[in-house]
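Protein chains: 2
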Amino acid sequence: MNMKSDSAMRPKILVTVDVVLLTVDLESSLSDGLRVGLIRRDAAPYKGALALPGGYVHPEEDENTAAAACRVLKTKAGKAVRYLEQLATFSGPSRDPRGWSVSVCYVALEDRETMKQWPADLLARVDALPPLAFDHATLIGAAVERLRNKASYSALPVFLLPDTFTLSELQDLYGRLLGTPLDKSSFRRKVRELGFVEEVPGAFKGGQNRPAQLYRAKEMTTFDRTI
Amino acid sequence: MNMKSDSAMRPKILVTVDVVLLTVDLESSLSDGLRVGLIRRDAAPYKGALALPGGYVHPEEDENTAAAACRVLKTKAGKAVRYLEQLATFSGPSRDPRGWSVSVCYVALEDRETMKQWPADLLARVDALPPLAFDHATLIGAAVERLRNKASYSALPVFLLPDTFTLSELQDLYGRLLGTPLDKSSFRRKVRELGFVEEVPGAFKGGQNRPAQLYRAKEMTTFDRTI
DNA sequence: ATATTTAGTGGTGCGATGCAACTAACCGTG
DNA sequence: CACGGTTAGTTGCATCGCACCACTAAATAT
């Protein structure tokens, strides 16, 4: 196979990035509260439709696709994101009507408070998605699956909470993601011994009842997984 | 940001796939025995250097990047591969001297017997890699990490063994990948109850000593992971 | 004071896992 | 042909982690 002719006859491939920006609404008691940040497309194709924030990779300004994803988020959301991770790459001739396309998809996590800036009508529940442009529903499905999966063995979900949070909030979050209520005692023991949170000395969240100790995330931890 | 001008002024991005084809040599007692199938490049850049099997995505014939990876493997190895999984996508302006490139990287697993077809001098130990073209050493590192990781919670490693194998061989393999010797009793109990292998009735592997029952893989299984 | 609600801690029984001893089957050797 | 060596495969036990449940603590409301 000749490399030169291979390169010369190569048709154009569209190279884009898409970001699944996830957050969680701990107030909503029904469902898991997971929400995804969308945009409304202002150009063809799918003009006027809802879609994931995304766009072309700009070789002259992007250092790599992760940088492109950051740039997209910054222009569409006006801020740097808390956590960003590459999810997977989707490709094919028919997923974009403009031609054969490759989309490197990223998952971003943000807490609900910060996401207040995002227009409320563009924050869709992931368990009741509106019609979306391209194959974006698939990308969201993959992102949510990844997040749920990582919840079972990592500290990743802390990025869905504000800087400080109570252990009850953290437990509630894990319970939602894992789809099963967790035991208070076991959860606290686990979290403590894994040491991915630390107390904020003297900081308490007071409500109607007994005040709760506030915590903050320490380092990112991935737990052991044994066969 | 105007989509049309965005698209029109878009410089060419090289879109390629690379495959990290892994196998394991259970004979080699030192190290873990993991090996990666390489090719020797017959064209610039890096002409004559060792590299991963890979190549351009061909939009007119490839249904997606996974199909491109299969095609690359078929042309370079002459056969379909046992297991193929997308690893990650690597990108940037400097990883390929020809220009800004995106490489969708795949991990492939094959058993040692089948890999006998691969030229022996192109089957490198992953813990002692020769100098490689592009950033391919990085891709191999990521692939090996992924494999080791999945060994701790999935049946994935069975794809590194022939169709039938003994439980001792399977245990040896897991022990190598996990980097720690496993207990015979516990391992067998686990494998049995997870049920991802089944006996081949009446088939035994006879050596100098007591013959061992042969097993074959059932369905692909991923185990539970709990926080 | 007392009820209510949420925060947070301790104890206990069961199941999974690790460890070690045991049996089984084959081969080679004197 | 008995015996030792080696690998296959099982069984029993002891221990550790974890789910479950009961308890105490601190606030508010009436």
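Residue numbers (the numbering used here), protein chains in the order written: chain A, 1 to 227; chain B, 1001 to 1227.
Don't be surprised by glycine CBs; every beta carbon is placed ideally from N, CA and C.
Within chain A, partners of residue i - CB distance below 7 Å
i, result
"A1088 of chain B", "Q86"
"N1064 of chain B", "S91, G92"
"I1039 of chain B", "Residues of chain A passing the Cβ test: none, with the nearest at roughly 12 Å."
Bridge partners - residue i, DSSP secondary structure assignment
i, result
"Q213 of chain A", "A:F204"
"S29 of chain A", "For S29 of chain A, which the question treats as bridged, DSSP gives no partner whatsoever."
"F165 of chain A", "A:Y215"
"A1051 of chain B", "B:I1039"
"Y106 of chain A", "A:V19, A:Q86"
"E199 of chain A", "A:Y215"
"L1132 of chain B", "B:L1050"
"G1179 of chain B", "None; G1179 of chain B has no bridge partner."
"S91 of chain A", "A:V102"
"L1073 of chain B", "According to DSSP, which records beta bridges pairwise, L1073 of chain B is partnered with nothing at all."
"A1034 of chain B", "According to the sequence provided, residue 1034 of chain B is Leu. The question's Ala does not apply to it. For L1034 of chain B, which the question treats as bridged, DSSP gives the partners B:V1024."
Enclosing alpha helix (DSSP H) for residue i [first to last residue]
i, result
"G54 of chain A", "Segment 54-56 is the beta strand (DSSP E) holding G54 of chain A; no alpha helix (DSSP H) there."
"F1187 of chain B", "1184-1194"
"V1081 of chain B", "Counting along the chain, V1081 of chain B falls outside any alpha helix (DSSP H), and DSSP gives it neither H nor E."
"L1147 of chain B", "1136-1151"
Delimiting residues of the beta strand (DSSP E) encompassing residue i
i, result
"T23 of chain A", "14-24"
"A124 of chain A", "123-125"
Where residue i meets chain A, residues with beta-carbon distance less than 8 Å
i, result
"V1024 of chain B", "Under the 8 Å cutoff, chain A gives no residues; its nearest Cβ is about 16 Å from V1024 of chain B."
Within chain B, the residues that residue i reaches when beta carbons sit closer than 8 Å
i, result
"I13 of chain A", "I1013, V1015, V1057, P1059"
"V102 of chain A", "V1015, V1057, T1065, V1102, V1104"
Tell me, please, whether the segment 35-46 of chain A touches the segment 121-137 of chain A by the rule of three or more beta-carbon pairs shorter than 8 Å.
Output reads yes: the segment 121-137 of chain A touches the segment 35-46 of chain A.
Cβ contact (3+ pairs, closer than 8 Å) linking the segment 1166-1179 of chain B and the segment 1016-1027 of chain B
Yes, the segment 1166-1179 of chain B is in contact with the segment 1016-1027 of chain B.
The segment 1149-1158 of chain B touching the segment 1112-1120 of chain B, judged by at least three CB pairs closer than 8 Å:
Taking 8 Å as the limit for Cβ pairs, the verdict is that the segment 1112-1120 of chain B does not touch the segment 1149-1158 of chain B.
Evaluate the contact criterion for the segment 78-86 of chain A versus the segment 1049-1056 of chain B: three or more CB pairs, one atom per stretch, below 8 Å.
Counting Cβ pairs under 8 Å, fewer than three are found: no touch.
With contact counted as at least three CB pairs below 8 Å, one residue from each stretch, are the segment 1055-1072 of chain B and the segment 93-107 of chain A in contact?
Taking 8 Å as the limit for Cβ pairs, the verdict is that the segment 93-107 of chain A does touch the segment 1055-1072 of chain B.
With a threshold of 8 Å, are at least 3 pairs of Cβ atoms found where one atom belongs to the segment 70-81 of chain A and the other to the segment 119-126 of chain A?
The segment 70-81 of chain A makes no contact with the segment 119-126 of chain A: fewer than 3 CB pairs, one atom from each, lie closer than 8 Å.
Under 8 Å: do the segment 203-222 of chain A and the segment 1035-1042 of chain B share three or more Cβ pairs, one atom per stretch?
Touching, no.
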